[in-house]
Amino acid sequence: MVRNGLFVCSIGLIIILYALNPASMKYDLLSMTTGIFLVVVGGYFFFKGKKKEEQNKKNSNEVKR
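Residue numbers (our numbering): 124 to 188.
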């Protein structure tokens with residue numbers, strides 16, 4: 124989940140980067156909204172996966188009796 128989240132974030136940032144029309148210096152609102160949505164979803168996946176990995180690492184380090 125961590126790598127997938129980072130990938131989605133990077134795609135969202137690229138979309139935001141190319142949302143600006145250099146000739147008219149205006150942003151395409153649909154592209155900007157899509158990019159922001161992908162960054163938010165990617166961040167959610169990243170932090171969810173990171174939390175899950177930390178929990179798995181904690182569970183594997185416990186001594187079982």
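Note that the Cβ used here is the ideal one computed from N, Cα and C, for glycine as well. Source: prediction; values computed, not measured.
### Task
Could you pull the start and end residues of the alpha helix (DSSP H) that Y141 belongs to?
From DSSP, Y141 is part of no alpha helix (DSSP H); its letter is neither H nor E.
### Query
Which residues in the same chain have their Cβ closer than 8 Å to the Cβ of I159, if we skip the five residues on either side of it in sequence?
G135 and I139
### Query
Taking C-beta to C-beta, are S154 and A142 nearer than 8 Å?
yes
#### Entry: Selected residue, minimal CA-CA separation from L129, among L161, P145, K175 and K174
L161
### Message
Tell me which residues share the same chain as K174 and place their Cβ nearer than 7 Å to its Cβ, disregarding the 5 neighbours each side in the sequence.
### Response
none
### Message
Rounded to whole angstroms, what is the Cα-Cα separation between Y167 and S183?
### Response
24 Å
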